[in-house]
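Peer 1: Handing you a structure now.
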Amino acid sequence: MKKVWLLTLTILSIVTLHAQNPFQITFGPYLQNVTEEGATVIWGTSGDALSWVEVAPDGNDHFYAEERPQFFQTKLGRRTVGKLHTVRIRDLQPGNFYRYRVCSKEVLEMNPAKVVYGTTICTDVFRHLPFRFKTRSADQDSLALVIVNDIHENSEMLGNLLADVKKGGYDFVFFNGDMVNNMSSEQQLINGFIGKSTKLFASEIPFYFARGNHETRGNFSDHYLDYFPTSTNEPYYAFRQGPVFFIVLDGGEDKPDSDIEYYGLADFDRYRADQVAWLKEVVATEAFRSAPFKVVITHVPPINTTWHGPLEVKKHFLPILNEAGVDLMICGHLHAYHYISAGESDCSFPVLINSNDASVSIRATSKSLNFKVQNAQKELVKEATLTK
Ligand SMILES: [Fe+2]
């Protein structure tokens, strides 16, 4: 009798627990690495799941008009099961809009002989419109983006700075490093900025990331590319969209690798040196050379500070960039605004160092690149236009 009661109580506890914590999407979906032919969609679920993205072309027909192609996360030919879902949508056309929804099927039991599924959930396309995004194109005439940095988990500040992203018609948002204080858990990333970004724009407008020195810290920092995948599988990468070619560099940590703060775990001198060969290849490409505007985005500035990391950025990257015809470099890290005109420093191009409480919006065509720095009160700090 006692055993029956115990069993009943256990079953009731499991049922109650499940009722209290139903299978659900815990964060996202947010877009990453949107290219001319593909896009990566990332989201999390409260339990293990088999997940997929359904994609429809843009149009007035209902998402339910027909069965939509499904894309799964796969590894070595097998569909993967887990709580973090990273699905690459492929075979898209440049400069086109697409609609999508994400779906997750709960996995209750998984062993070689049997897989038991639970609830299937999808983002709503019945009461709400499906998510919609646009692939990038080298041929697009104009480009608009907005950059913020050094948010350090202040999601309220992030909300103030990026409240108008959807209204502003931006192609993407750029996070130029130190969005968190360190990387210790997934929840820290969600609370710090992914949650707010998803609420404001990130299911439909992608964000790109230039890693800051604070994202190199913490036991979870090895998972950086799981949440912010790039075309190179490194935090540094490059791409062209419309009239602008972007080079995204990773300056690593700011103090010497041997500093006590890093507890013997830093190896950034070699990491920065390794980027040099890659950077030389990038500036030699036709895509870079033919772009009307060339913009470098890097968290750690090569000037206005003499700490070790910035000096290394200056030593390794500046000689190449000075010869490459760069039009503008945008940095963060110093938590203060600086604008250094071309030739005023060791840089042959202007350097804009953005503060931690301001945004930089850029609008470019093949003839001009306009940038505006605005603080959290939307007051104009600086505006300039570079022309060709
Ligand atoms: Fe920093």
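Just remember that the numbering used here sits 1051 ahead of the position in the sequence shown, which is counted from 1. Positions of the beta carbon are idealized from the N, C-alpha and C atoms, including for glycine.
What do you get for L1431, buried or exposed, if any count of 16 or more other CB atoms within 10 angstroms of its CB means buried?
Peer 2: So L1431 counts as exposed.
Peer 1: For G1302, verify whether its CB is less than 6 Å away from any heavy atom of ligand 1.
Peer 2: Answer for G1302: no, Cβ out of range of ligand 1.
Peer 1: Rounded to whole angstroms, what is the Cα-Cα separation between I1241 and F1279?
Peer 2: Taking the straight line from one Cα to the other gives about 13 Å.
Peer 1: If you compare alpha carbons, which of K1433, L1420, S1399 and V1364 is closest to Y1390?
Peer 2: Per the Cα distances, K1433.
Peer 1: I need the DSSP call for V1199, collapsed to helix, strand or coil.
Peer 2: Strand, per DSSP.
Peer 1: Let's test the definition: count the other Cβ atoms within 10 Å of the Cβ of S1064 and tell me whether it reaches 16, buried, or not, exposed.
Peer 2: Low confidence applies to S1064: its pLDDT is 48, below 50, so where it sits in the model is not reliable enough to give any reading.
Peer 1: Going by beta carbon distance, what residues of the same chain come within less than 7 Å of Q1083, once the five residues before and after it are set aside?
Peer 2: Cβ neighbours of Q1083 beyond the five flanking positions: T1091, I1093, P1257, F1279 and P1280.
Peer 1: E1332 CB to nearest chain C CB: under 7 Å?
Peer 2: In the structure shown, chain C cannot be found, because there is only a single protein chain.
Peer 1: According to the neighbour-count rule (16 or more other Cβ atoms, all chains shown, within 10 Å of its Cβ), is P1361 buried or exposed?
Peer 2: P1361 comes out buried.
Peer 1: Suppose contacts are defined by Cβ-Cβ distances below 7 Å. Is T1186 in contact with G1079 by that definition?
Peer 2: It is not a contact, given that the beta carbons lie outside the stated cut-off.
Peer 1: Let me know the secondary structure DSSP gives G1263 once reduced to three states.
Peer 2: Three-state DSSP puts G1263 in coil, outside helix and strand.
Peer 1: Can you tell me which residues fall inside 5 Å of ligand 1, judged by beta-carbon distance to its nearest heavy atom, and keep chain order?
Peer 2: That gives D1229, G1263, N1264 and H1384.
Peer 1: Tell me, to the nearest whole angstrom, how far the beta carbon of V1104 is from that of F1184; I am working on the premise that it is less than 8 Å.
Peer 2: V1104 to F1184, Cβ: 11 Å. No contact.
Peer 1: If you check the beta carbons only, do V1377 and F1344 fall under 7 Å apart?
Peer 2: No. Outside cutoff.
Peer 1: Using the beta-carbon count (16 or more within 10 Å), is Y1292 buried or exposed?
Peer 2: As written in the sequence, residue 1292 is Gln, which differs from the Tyr given in the question. Buried, by the Cβ-count rule.
Peer 1: Given a cut-off of 7 Å, decide if G1228 and H1386 are closer than it, judged by their beta-carbon atoms.
Peer 2: Contact flag unset, no.
Peer 1: Around the Cβ of N1407, are there at least 16 other Cβ atoms within 10 angstroms (buried) or fewer (exposed)?
Peer 2: Buried.
Peer 1: Rounded to whole angstroms, what is the Cα-Cα separation between T1061 and F1122?
Peer 2: For T1061, the predicted model reports a pLDDT of 45, less than 50, meaning its position is unreliable and no value from the coordinates is stated.
Peer 1: Since L1437 is in the beta strand (DSSP E), which residue starts that stretch and which ends it?
Peer 2: Taken as a continuous stretch (DSSP letters only), the beta strand (DSSP E) holding L1437 covers L1431 to T1438.
Peer 1: Compute the distance between the beta-carbons of T1438 and S1419, then report whether it is under 7 Å.
Peer 2: Contact flag set, yes.
Peer 1: Taking D1273 as the reference, give the member of L1372, E1237 and G1246 with the closest Cα.
Peer 2: Answer by Cα proximity: E1237.
Peer 1: With H, G and I counted as helix, E and B as strand and the rest as coil, what does DSSP make of G1095?
Peer 2: Looking at G1095 - three-state DSSP - the assignment turns out to be strand.
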